[in-house]
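S.K.: The structure's right below; bear with me while I get my questions together.
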Amino acid sequence: MYDRLDAAVSDTLAARDRALTTSDDLHTRDVELSRLTRRLGELRAAERSLCFGRIDTPAGDFLHIGRVGLRSPDGEVVLVDWRADAARPFYAATPATPLGLRRRRHLRLQNRRVVDVSDEILDGSAPTPDDVVGDGPLAAALSRARTGRMREAVSTLQAEQDAIVRSPHRGVTVVDGGPGTGKTLVALHRAAYVLYAFPALAGRGVLVYGPNSRFLDYISDVLPSLGENDVRMATLADLVGVAPTAAEPEEAARAKGVAGTAASLAAWVRARQPRGVPLEVKVGQETLVLTPAEVDAAHRLATREGLAHNPARERFREHVVDALVDLLERRTADALARLDAEVASMLGVDLDDAVAGDLRSLGLDDSPAAEPEFDWDAVREQLLDDPAVDQATEAVWPRLRPEDALGRTVRTRADLALLDEARALIDGPPEEVYGHIVVDEAQELTEMEWRMLLRRCPSRSMTVVGDFAQSGSATTVRSWPEAVGDRFVHHTLTVNYRTTAEILGHATPLLARIAPGQGPSRSVRHGEPPRTLTGGPDTVRALAADEDNGLVGVIAPPGMTEALEGSGAIVVAAPDARGLEFDTVVVVDPAAIEAYRESGPRDLYVALTRATRRLFVVTPAAG
Numbered sequence: 001m002y003d004r005l006d007a008a009v010s011d012t013l014a015a016r017d018r019a020l021t022t023s024d025d026l027h028t029r030d031v032e033l034s035r036l037t038r039r040l041g042e043l044r045a046a047e048r049s050l051c052f053g054r055i056d057t058p059a060g061d062f063l064h065i066g067r068v069g070l071r072s073p074d075g076e077v078v079l080v081d082w083r084a085d086a087a088r089p090f091y092a093a094t095p096a097t098p099l100g101l102r103r104r105r106h107l108r109l110q111n112r113r114v115v116d117v118s119d120e121i122l123d124g125s126a127p128t129p130d131d132v133v134g135d136g137p138l139a140a141a142l143s144r145a146r147t148g149r150m151r152e153a154v155s156t157l158q159a160e161q162d163a164i165v166r167s168p169h170r171g172v173t174v175v176d177g178g179p180g181t182g183k184t185l186v187a188l189h190r191a192a193y194v195l196y197a198f199p200a201l202a203g204r205g206v207l208v209y210g211p212n213s214r215f216l217d218y219i220s221d222v223l224p225s226l227g228e229n230d231v232r233m234a235t236l237a238d239l240v241g242v243a244p245t246a247a248e249p250e251e252a253a254r255a256k257g258v259a260g261t262a263a264s265l266a267a268w269v270r271a272r273q274p275r276g277v278p279l280e281v282k283v284g285q286e287t288l289v290l291t292p293a294e295v296d297a298a299h300r301l302a303t304r305e306g307l308a309h310n311p312a313r314e315r316f317r318e319h320v321v322d323a324l325v326d327l328l329e330r331r332t333a334d335a336l337a338r339l340d341a342e343v344a345s346m347l348g349v350d351l352d353d354a355v356a357g358d359l360r361s362l363g364l365d366d367s368p369a370a371e372p373e374f375d376w377d378a379v380r381e382q383l384l385d386d387p388a389v390d391q392a393t394e395a396v397w398p399r400l401r402p403e404d405a406l407g408r409t410v411r412t413r414a415d416l417a418l419l420d421e422a423r424a425l426i427d428g429p430p431e432e433v434y435g436h437i438v439v440d441e442a443q444e445l446t447e448m449e450w451r452m453l454l455r456r457c458p459s460r461s462m463t464v465v466g467d468f469a470q471s472g473s474a475t476t477v478r479s480w481p482e483a484v485g486d487r488f489v490h491h492t493l494t495v496n497y498r499t500t501a502e503i504l505g506h507a508t509p510l511l512a513r514i515a516p517g518q519g520p521s522r523s524v525r526h527g528e529p530p531r532t533l534t535g536g537p538d539t540v541r542a543l544a545a546d547e548d549n550g551l552v553g554v555i556a557p558p559g560m561t562e563a564l565e566g567s568g569a570i571v572v573a574a575p576d577a578r579g580l581e582f583d584t585v586v587v588v589d590p591a592a593i594e595a596y597r598e599s600g601p602r603d604l605y606v607a608l609t610r611a612t613r614r615l616f617v618v619t620p621a622a623g
């Protein structure tokens, strides 16, 4: 397999060199170079754990499953890409439903060598000397220490997770479930599957949207390890291009986040467009006035295509110029008619008849004399460039800046979604759109943030993962239909792979209080019961320093984090802990976390469910 991988890398490099030197069509060349560069990234990422599985039938047929698809020189399949349909039984088969398989083999590679083998017998047959029955890679992955970075799980995806990853649905797929059920892993592997299975969507790119830069940094290694580098990862500030500089009360943030704010912004913009007003412009020595009816007609023509305010203003100016040219033509015709009438009155002769008679006496064409010709197209071009016309247009339809619609400086997170809405209304939709968007921690988004994302996904192809029991205070959405509408496919993950049953049990009373209708997920692991201690910062630092087996996280109320630094642990404010995981977690002053903001009980629930092994809860000493 590695021989074929090396050959594929060499062939791809050679094809890229040829594309650089032989293509005359720059667009065709760039498309081909992009494809080859992406393929090269996939092949190089496959170096680690190239093959991780094998499936065998009772008849002895088998397939190897890995990170990329590879064939021998004569076209025989050597390795099946994990996203291909042929690989589906590797993930979906169970002893109850073996899908025609006898055995599922898991392989672990290191430096191009097999270092571990583990078999699962699926059809109930007795193990043979060729079978190596063990605990399997899932148990190993669950017991492995955290590193502060999320790993891909392509070799350990479980059946309910894989079914979502491979969903043929191209619209909105919603995945919810409690902490530790693998929502984020499913979403990221779904992004990789979309890039593989739906080329039309992949051609427009994939966006992974997360709540904050800490979270995106935590998951940033997953997709590259799957060979996918053509994915943009972004927060709200990244998409809007403006960083918030201040916090604000939760009530104010929620007020800005409701969908009705969009209607208010649209009304503000419409109020700056002309309705029922005249337009006056001085052309040379003459003042021209368009009536309110003519101005309204130009407005209707400018807005019928649904353009944003500033682009529609340019169309309006063009229609205004057309109306001015029509007015000038009418005035010119009227002036010539008045001149003819005045001459006829003064001389008592119709000039057209007199000229025709003279022409006949000379034996020439006696058709009526033509009116003087004007180059009205040239007049129109001059008016389009006339500053006076632009000034007159500005008086009734001013150019706007998106910041003007907010009436204030953009400072807070909630302001960013409003600014993006104002940009769409004033300058038009964003230039950068995507074929598929993955939204993680989706319960955190406001209605205005959902509008911002939907503008960037014309195909309405999205994978949305979240848990409303973990939602923060600023969100204005409490159900998936409120977020994405009624047309979506819904999945719920029920098995907890991260948190032990003992830790989940500790958090269950709080879950019953914050989400009465939501039961806890089922944990597949057991461990130490959580411990509650009394103490201050020194106690917290001592606990963190004593934990030398794995990654330690200290989760504290905002404002207390700096005082807890220095133990070697990662210190996180409770509102920022969503999506993170640690081997050991020390939760500091749970009552203060609950009291910090309206969603404090949900912040505490998040904090209590971040640990994979041990949980300590430190309460301050009385007084």
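Per the UniProt record's numbering, residue 1 is the first one in the sequence shown, and the count goes up by one each step. We put the beta carbon where it would ideally sit given N, CA and C, even for glycine.
Is the distance from the Cβ of THR532 to the Cβ of VAL586 below 7 Å?
M.R.: Numbered from its first residue, the sequence shown carries residue 532 at position 532. Numbered from its first residue, the sequence shown carries residue 586 at position 586. No; because the gap between Cβ atoms is not below 7 Å, this pair is not in contact.
S.K.: From LEU43 to TYR193, what does the alpha carbon distance come to, in whole angstroms?
M.R.: Against the sequence shown, residue 43 aligns to sequence position 43. Against the sequence shown, residue 193 aligns to sequence position 193. Distance between the alpha carbons of LEU43 and TYR193: 16 Å.
S.K.: On the criterion of 16 or more Cβ atoms from any shown chain inside 10 Å, does ASN496 qualify as buried, or is it exposed?
M.R.: Taking the first residue of the sequence shown as 1, we reach residue 496 at position 496. Counting Cβ neighbours within 10 Å, ASN496 comes out buried, since at least 16 surround it.
S.K.: According to DSSP, is LEU5 part of a helix, a strand, or is it coil?
M.R.: Numbered from its first residue, the sequence shown carries residue 5 at position 5. Residue state, collapsed to three classes: helix.
S.K.: State whether the segment 44 to 53 contacts the segment 64 to 84, with contact taken as three or more CB pairs (one from each stretch) at a distance under 8 Å.
M.R.: Touching, yes.
S.K.: Along the beta strand (DSSP E) that carries PHE52, what are the first and last residues, could you check?
M.R.: Residue 52 sits at position 52 when you count from the first residue of the sequence shown. Residues 51 to 56.
S.K.: Cutting at 8 Å between CB atoms, please list the residues of its own chain near ALA417, excluding the five before and the five after it.
M.R.: Taking the sequence shown and counting its residues from 1, one reaches residue 417 at position 417. Result list for ALA417: LEU236, VAL240, LYS256, GLY257, THR446, MET448, GLU449, ARG451 and MET452, in chain order.
S.K.: 7 Å is my cut-off, CB to CB: does ALA202 come that close to chain D?
M.R.: In the structure shown, chain D does not exist; there is a single protein chain.
S.K.: Grouping DSSP H, G and I as helix and E and B as strand, with all else coil, what is THR28?
M.R.: Locating residue 28 in the sequence shown gives position 28, counting from the first residue. THR28 falls in the helix class under three-state DSSP.
S.K.: How many angstroms separate the CA atom of THR584 from the CA atom of HIS491?
M.R.: Within the sequence shown, residue 584 is the residue found at index 584, counting from 1. Within the sequence shown, residue 491 is the residue found at index 491, counting from 1. One C-alpha to the other measures close to 30 Å.
S.K.: Between the segment 436 to 443 and the segment 201 to 221, do three or more beta carbon pairs fall short of 8 Å?
M.R.: Yes: the two stretches touch, three or more of their Cβ pairs being nearer than 8 Å.
S.K.: Out of ALA253, ASP81 and SER118, which one is the CA nearest neighbour of PRO227?
M.R.: Here residue 227 refers to the residue found at position 227 when the sequence shown is read from its first residue. Checking the sequence shown, residue 227 turns out to be Gly, not Pro. When only C-alpha atoms are compared, the closest one is ASP81.
S.K.: Out of curiosity, what's the CA-to-CA distance linking LEU20 and SER34?
M.R.: Locating residue 20 in the sequence shown gives position 20, counting from the first residue. Locating residue 34 in the sequence shown gives position 34, counting from the first residue. Distance between the alpha carbons of LEU20 and SER34: 11 Å.
S.K.: Does the contact criterion of 3 or more C-beta pairs under 8 Å hold for the segment 457 to 468 versus the segment 243 to 256?
M.R.: The answer is no - the segment 243 to 256 does not touch the segment 457 to 468, with fewer than three Cβ pairs under 8 Å.
S.K.: In or out: MET233 buried (at least 16 other Cβ within 10 Å) or exposed?
M.R.: As a working note, residue 233 is residue 233 in the sequence shown. MET233 is buried by the Cβ-count criterion.
S.K.: Can you tell me whether ALA45 sits near the ligand FAD, meaning its C-beta is under 6 Å from at least one heavy atom of the ligand?
M.R.: With respect to the ligand FAD, the structure shown offers nothing to examine, as it has no ligands at all.
S.K.: Out of HIS299, ARG456, ASP296 and LEU290, which has the shortest C-alpha to C-alpha gap to ARG330?
M.R.: Mapped onto the sequence shown, residue 330 falls at position 330. Among HIS299, ARG456, ASP296 and LEU290, the Cα nearest to that of ARG330 is on LEU290.
S.K.: Apart from the five residues just before and just after LEU223, which ones in its own chain have a Cβ nearer than 7 Å to its Cβ?
M.R.: The count along the sequence shown starts at 1 and reaches residue 223 at position 223. Counting only Cβ-Cβ distances below 7 Å, and skipping sequence neighbours, we find LEU188, ALA191, ALA192 and VAL231.
S.K.: When you compare the segment 262 to 269 with the segment 397 to 407, are there three or more beta-carbon pairs, one atom per stretch, that lie closer than 8 Å?
M.R.: These segments touch.
S.K.: Per the DSSP calculation, ARG522 is bridged to which residue(s)?
M.R.: As a first step, residue 522 is located in the sequence shown; it is residue number 522 there, counting from the start. According to DSSP, which records beta bridges pairwise, ARG522 is partnered with VAL495.
S.K.: Roughly how many whole angstroms lie between the Cα atoms of ASP131 and SER125?
M.R.: In the sequence shown, counting from the first residue as 1, residue 131 sits at position 131. In the sequence shown, counting from the first residue as 1, residue 125 sits at position 125. Cα to Cα, ASP131 sits roughly 11 Å from SER125.
S.K.: For GLY26, which residues of its own chain have a beta-carbon under 6 Å away from its beta-carbon, when the five flanking residues on both sides are left out?
M.R.: As a first step, residue 26 must be located in the sequence shown, where it is residue number 26. Contrary to the premise, residue 26 reads as Leu rather than Gly in this sequence. No residues qualify anywhere along the chain.
S.K.: Please confirm whether PHE582 and ALA607 have their CB atoms less than 7 Å apart.
M.R.: Counting from 1 along the sequence shown, the entry for residue 582 is found at position 582. Counting from 1 along the sequence shown, the entry for residue 607 is found at position 607. Their beta carbons are not under 7 Å apart, which means PHE582 does not touch ALA607 by this criterion.
S.K.: Measure the CB-CB distance between ALA542 and ALA469 and report whether it falls below 7 Å.
M.R.: The residue you call residue 542 lines up with position 542 of the sequence shown. The residue you call residue 469 lines up with position 469 of the sequence shown. No; because the gap between Cβ atoms is not below 7 Å, this pair is not in contact.
S.K.: Helix, strand or coil: how does DSSP classify THR21 here?
M.R.: To locate residue 21, count along the sequence shown from 1; it is residue 21. Note: THR21 maps to helix in three-state DSSP.
S.K.: On a CA-only basis, which of SER459, ARG104 and ALA96 is nearest ARG88? Give me that one, please.
M.R.: As a first step, residue 88 must be located in the sequence shown, where it is residue number 88. Comparing Cα positions, the closest option is ARG104.
S.K.: Measure the alpha-carbon distance for HIS526 versus LEU157 and round it to whole angstroms.
M.R.: Stepping through the sequence shown from its first residue, residue 526 is reached at position 526. Stepping through the sequence shown from its first residue, residue 157 is reached at position 157. Going from the Cα of HIS526 to the Cα of LEU157 covers about 20 Å.
S.K.: Please report the straight-line C-alpha distance between THR494 and LEU216, rounded to a whole angstrom.
M.R.: Within the sequence shown, residue 494 is the residue found at index 494, counting from 1. Within the sequence shown, residue 216 is the residue found at index 216, counting from 1. Approximately 24 Å, taken between the alpha carbons.
S.K.: Below 7 Å CB to CB, which residues in the same chain sit around PRO58 once its five sequence neighbours on both sides are set aside?
M.R.: Along the sequence shown, one-based indexing puts residue 58 at 58. Same-chain partners within the cutoff: ARG102 and ASP123.
S.K.: Could you tell me the alpha carbon to alpha carbon distance between ALA501 and VAL524, rounded to whole angstroms?
M.R.: Stepping through the sequence shown from its first residue, residue 501 is reached at position 501. Stepping through the sequence shown from its first residue, residue 524 is reached at position 524. Computed Cα separation, rounded: 7 Å.
S.K.: Report yes if the C-beta distance between ARG380 and VAL477 is below 7 Å; otherwise report no.
M.R.: Start at 1 with the first residue of the sequence shown, and residue 380 comes out as number 380. Start at 1 with the first residue of the sequence shown, and residue 477 comes out as number 477. Not a contact, by the Cβ cut-off of 7 Å.
S.K.: Could you tell me which whole beta strand (DSSP E) segments of length 3 or greater appear in the segment 240 to 301?
M.R.: Within the segment 240 to 301, the complete beta strand (DSSP E) runs of at least 3 residues are 279 to 283 and 286 to 290.
S.K.: For GLY41, which of helix, strand or coil comes out of DSSP?
M.R.: On the sequence shown, residue 41 is found 41 positions in, with the first residue counted as 1. Note: GLY41 maps to helix in three-state DSSP.
S.K.: Between which residues of its own chain and LEU504 is the CB-CB distance below 6 Å, once the five residues before and five after are set aside?
M.R.: Residue numbering aside, residue 504 sits at position 504 when the sequence shown is read from its first letter. Here the set comprises PRO520 and SER523.
S.K.: Which runs of the alpha helix (DSSP H) fall wholly inside the segment 80 to 167 and span at least 4 residues, in chain order?
M.R.: For the segment 80 to 167, whole alpha helix (DSSP H) runs of length 4 or above, ordered along the chain, are 88 to 92, 137 to 143 and 159 to 165.
S.K.: Please name the residue in ASP538, ASP589, GLY348 and ARG170 whose C-alpha comes closest to that of GLU565.
M.R.: The residue given as residue 565 occupies position 565 in the sequence shown. Out of ASP538, ASP589, GLY348 and ARG170, ASP538 has the C-alpha closest to the C-alpha of GLU565.
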